[in-house]
Structure formats: C-alpha cells, structure tokens
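Chains as they are written, first to last, in numbering that gives the first Met the number 0: chain P, 0 to 236; chain L, 0 to 292.
These notes concern the structure reproduced below.
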Amino acid sequence: MSEPVLKVENINVYYGSIHAIKGISFEVYEGEIVTLIGANGAGKSTTLNTISGLLHHTTGSISFMGESLDKIPPHKIVERGLAQVPEGRRVFAQMTVHENLEMGAYTQNDDAIHEDIEKVYALFPRLKERYRQLAGTLSGGEQQMLAMGRALMSRPKLLMLDEPSMGLAPILVEQIFDIISELHRTGATILLVEQNAQMALSIASRGYVLETGRIVTTGTGKELLSSEEVRKAYLGG
Amino acid sequence: MTFLNFFISGISLGSIYAIIALGYTMVYGIAKMLNFAHGDVIMVGAYVCFYAVSRYNLNPFLGVIIAMFLCTVLGILVERFAYKPLRQAPSLAVLITAIGMSYFLQNTALLLWSSNPKVFPSIIGRGSFKLFDGNLSVSHITVLTISVCIVIMIVLSLFIGKTKLGKAMRACSEDKGAAQLMGINVNATISMTFAIGSGLAAIAGALLCSAYPTLMPTTGALPGIKAFTAAVFGGIGSIPGAFLGGLMLGVIEIFAKAYISSQLSDAVVFAVLIIVLLVKPAGLLGKSIQEKV
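This is the structure:
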C-alpha cells in the first residue's frame, strides 16, 4: 500500500501520573474510514486529542501526510489539513451558525469560503434554515451537524470524529452515520471514534479495539463485527 | 441647570471608566483572569503622555499615540512574562500575580518618576463651551472624552462583531480548545487582547489626567478599581456591559458627590454595586453562566 495519511507509532500519553495511552500504533490510509472503538476510558478521545495536538505524547511519533506532527501546536496542525470534531460537539454557542462555519474556515483565505459554506448547507439543509440562529439554541443533532460542517470548512485531508452519536436519539444517529458514509463515498478520509461499536464497524473499512490504553484487536469492519470477543465485549453478545 | 452640569460631568467621568472597564472586561472574557495591573497601565500611559508633551514639547495627540504604542507593548510584555507562564495555574495564583504586577508597575514608576505629583497639561487646553447664555458650561475635554468613548465603543463593536480576528476572539472566549481546533492561535489572540486593552488604557490615562490633572504613580489605582467595579456592574465579559456600567458608575459617583456627600461618594457607588449584584448576580448585561456537567 501507499504511504498512510496518518501514521501513529507507539505513542504514550500521561495525564499527570496516569498512563492513559500505552504504546498505541495504527495507520489511516487515503479514502478509508478507520474506527477506534472501546469502552469509556479506553483512551479513544485521548488518542484523537493527542493527534490534534491538544494533548502531548511523551514518546513515540505521529506523522501526517509523511510529515511529523510532534511538537507542532494545534493551530498549525489544522493548517496542514487535519480537522477534529470534538467530543460533545463544542460549537460556539454564542455565535451564529454562519459564524461557526466561518470559524471553521479560519485557516482558509480565499474566496471559495462562500462556496464551501454552500456545500455544507447542501449537506445539512437544516443548518441553512437556521444560519442566523445562535448555535446554542440548536438541538443536539443540529449541533452535531454544525460541528461536522464546521470541521469540513477547513478542507481537511483527514477528518477525525469523536463520538458523533453521543447523546443523540437513534433516528439522528442513523442520519449522522448516513452523512459520514456519504462523506466517505465522496472521497473523504475519516478517523472515527465511537462507543456505538455496531454502527461504527458497519461503515468502517478497518477498526481497532482499545482497552485501557492499549490496542487489543484489529481487523476490517466486517471481521470485527463477527468476532466473538468483540461481540461479547462491545456489541452485547 | 446644575443638574444637567452634574449629569454631563458624570457621563464624562463615566466615559473614562468605560474605556478602562473595556480593558478589564475583554481580558476577563478571553483569558478568564482579572488583570489588576490594568489600572497602572493607565498611569504609565499618562506619564508617557506627560513627558512627551511637557518635556519634548510634542503635539499632545502625538503624545497620546506614543503612549498608546508604549502601553500596547507594555501590555503584551506583562502578559508574556507574568501571566502566560501561569496559563495552567489555579486562578488564585494568577490573581495574586496580577496584584503583584500592579505594585511592580507602581514602584517602578516611583523609581523612575518619583512620588512628586506632576501637573498634567490638558491635551486640548482648558477652554469650555458656554450654552444657554452661559448657564451651562461644558469643557472641551468633556466633549472630547465623551466623543472618544463613543468612537471607541463603535469601532470595538464592529471589530468584535464583523472582523475575522474579532470573531476569533469571541471563539476563544467561549472555548479555547475548540478555537484551537479551528486553527486559531489562542496565545496570539490573548496577546492581542492585552494589546488592545492596554492601548485603550493609554487613551484613558490621557483623558483622565486632562480632566483631573494631578499625576502620581498611584494615579491609576483608584480609577482602575472603579473601572473594574464598572465592568462587574455591567456584567464582566460583556463589552456593552462595560460601556453601560462605566457610564452609570460615573453618573452615580458625581451625583453622590453633589447631592449626598463628597466623602461618602465612593461608599454610595459601592452600595449601588452591591444592590445590583444582589438583584442581578451576573451584572446588568452579563450572562448567567450555567455550568454544564
């Protein structure tokens, strides 16, 4: 295979004295949806936050498009084409939907920003209806759409999604996953962190199972879905 | 007519408080800290302006611009060396550092410029406009102060509301982590906020000392505290709140001086603050923040 878009090699992350990530390695190749699944506290979000530079790894290395991300501040990492939709959406509640999208395009400086906003509105028509509304007044599902649209505004080469289904009604979860699949079909490369292992594995090219800071199993989405161990631990038998 | 006179002086004093309060409220909004050294930046601005005009005979407006420039640099340096290393520290440590920085600036001023009061030259002379057959007299500096405050308010609102950098400031004030994920350089944004606040403090210093011409190293301390009060009064973190709080504080102070007692005026001001905070704990225009779990 060609050079991976993202290559994480043996990273260790500590929160003070707590060893949260214990030597994780994985890759994401162009056009893939790769998912990290695992229980609460397994280190999924920590891994994403480390890749985006919000947290720091003490050893190991992370490279993106063949270049090292070690010691690069988060805002520079975004400039290189890595976008993260954070856990809990974290839209700017006191800013309008439109302004949130503009903030997503903070690293972009050309006239195509307006086209990008229109593309996001085409993908999420609900946002267009509410473009002047403060983001804090949106429903949970709409906020998730906004958080995703906002991340797309930076024209990412890799989109990282942290628990996009969290706290959403089942019908909305399906909608969100439809959109993720749609993005994938149009060529996006996606790293997806999910507690909803069933949904995540059903759309993923490959998956990694995390347990207390370690990768315990890996395989294609199908393999993991049918694996006895994974079924027992994460899919309710 | 005397009532109107008092009212106009109140608005004028309040305009100065408002300009200072903007610095407090912006820094609080972005860095979530109370920069108690802000009042002393006013004093530094006034001294720079004083020396530029009295010693070097520069045009007063050029003096103000030099003061703005130097205070902006001072604000950035204070943030860089005193506060930035404490970004992850508990807020109490930052607060104590800010108080320490306030004394540091005052004592440095004492060393450099001595404790002898300087008579500040008014930046536009001591003339006044006479209205209603001379019954109402409004000094030029009053008119200038109020106009400058309005201009600053409009420009700042447009900057925060419409420009990319202004929106980035709002994003940082809401959620620094998410702002970083947008590609916003949070450290640079905090630095810029200190720069803007300190530049405004220099203007406030020149206006304050033009209206009340005694300049000492402690000149900035009390107006600084009052402007902080004004910021809390209006709702800390809110820019229109700083404006409204500043104006109201100025008017209340002057009325208290005129109609109650000039000794008690500060007590009246703080009594009003306490009442407002009892009724509206977040201040007049402040948003009550619900901590989400």
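We put the CB at the ideal spot given by N, CA and C, even for glycine.
In this text the structure is predicted, and so the values were computed from the model without any measurement.
- In this structure, the CA atom of residue 4 (chain L) is about 12 Å from the CA atom of residue 133 (chain L).
- As the crow flies, the alpha-carbon of residue 112 (chain P) is around 51 Å from that of residue 270 (chain L).
- With a cutoff of 7 Å on beta-carbon distance, residue 45 (chain L) and residue 244 (chain L) are scored as not near each other.
- For the segment 179-204 of chain L, the beta-carbon criterion of a distance under 9 Å to any beta-carbon of chain P is satisfied by 179, 180, 181, 182, 183, 184, 185, 186 and 187.
- Closest by C-alpha distance to residue 212 (chain P), out of P:205, P:39 and P:149, is P:39.
- About 18 Å separates the CB atoms of residue 67 (chain L) and residue 108 (chain L); that is not less than 8 Å, and the two are not in contact.
- With respect to the 7 Å criterion, residue 29 (chain P) and residue 6 (chain P) are not classified as neighbours on the basis of their beta carbons.
- Short of 7 Å from the beta carbon of residue 12 (chain L), and not among the five residues preceding or following it, lie these beta carbons of its own chain, in chain order: 249, 252 and 253.
- The Cβ atoms of residue 282 (chain L) and residue 232 (chain L) sit closer than 7 Å to each other.
- Residues of chain L whose Cβ lies closer than 8 Å to the Cβ of residue 92 (chain P) are, in chain order, 173.
- The C-alpha of residue 263 (chain L) is placed about 22 Å away from the C-alpha of residue 20 (chain L).
- DSSP places residue 83 (chain P) inside the beta strand (DSSP E), whose first and last residues are 81-84.
- Against chain P, a Cβ distance below 7 Å from residue 86 (chain L) picks out nothing, because the smallest value is about 13 Å.
- Taking 7 Å as the upper bound on Cβ-Cβ separation, chain L lies near residues 153 of the segment 141-154 of chain P.
- When secondary structure is reduced to three states using DSSP, residue 55 (chain P) falls in the coil class, being assigned neither helix nor strand.
- Beta-bridge partners of residue 32 (chain P) (DSSP): P:189.
- By the criterion of at least three beta-carbon pairs nearer than 8 Å, the segment 122-141 of chain L is not in contact with the segment 78-88 of chain L.
- Only exposed fits residue 84 (chain L), as fewer than 16 other CB atoms lie within 10 angstroms of its CB.
- Burial of residue 229 (chain L) is indicated by the presence of at least 16 other C-beta atoms within 10 angstroms of its C-beta.
- Below the 8 Å Cβ cutoff, chain P contributes 94, 98, 101 and 102 as neighbours of residue 166 (chain L), in chain order.
- Taking 7 Å as the cut-off, the beta carbon of residue 140 (chain P) is found no closer than this to the beta carbon of residue 191 (chain P).
- With respect to the C-alpha of residue 152 (chain P), the residue from P:197, P:128, P:61 and P:77 having the closest C-alpha is P:77.
- Of the candidates L:126, L:275 and L:162, L:126 places its Cα closest to the Cα of residue 209 (chain L).
- Non-local C-beta neighbours of residue 204 (chain P) in its own chain, meaning closer than 6 Å and more than five positions away in sequence, comprise 31 and 32, ordered along the chain.
- With a cutoff of 7 Å on beta-carbon distance, residue 199 (chain L) and residue 18 (chain L) are scored as near each other.
- Annotated three-state conformation of residue 276 (chain L) is helix, per DSSP.
- The alpha carbon of residue 158 (chain P) has as its nearest neighbour, out of P:165, P:146, P:167 and P:169, the alpha carbon of P:146.
- Contact annotation for residue 51 (chain P) against chain L: 180 [CB-CB distance below 7 Å, chain order].
- Excluding the 5 residues flanking it on each side, residue 207 (chain P) has same chain C-beta neighbours closer than 6 Å at 25, 35, 214 and 217, in chain order.
- Per DSSP, residue 102 (chain L) lies in no beta strand (DSSP E) segment; the continuous alpha helix (DSSP H) that holds it begins and ends at 90-112.
- Linking residue 28 (chain L) to residue 286 (chain L) through their CA atoms gives a straight-line distance of about 12 Å.
- The Cβ atoms of residue 121 (chain P) and residue 99 (chain P) do not sit closer than 7 Å to each other.
- Chain order gives the chain L residues near residue 106 (chain P) as 182, where near means a beta carbon separation below 7 Å.
- The Cβ atoms of residue 209 (chain P) and residue 43 (chain P) lie closer than 7 Å to each other.
- Of all alpha-carbon atoms in L:47, L:51, L:90 and L:171, the one lying nearest the alpha-carbon of residue 71 (chain L) is that of L:47.
- Distance between residue 92 (chain L) and residue 191 (chain L), taken at the CA atoms: about 22 Å.
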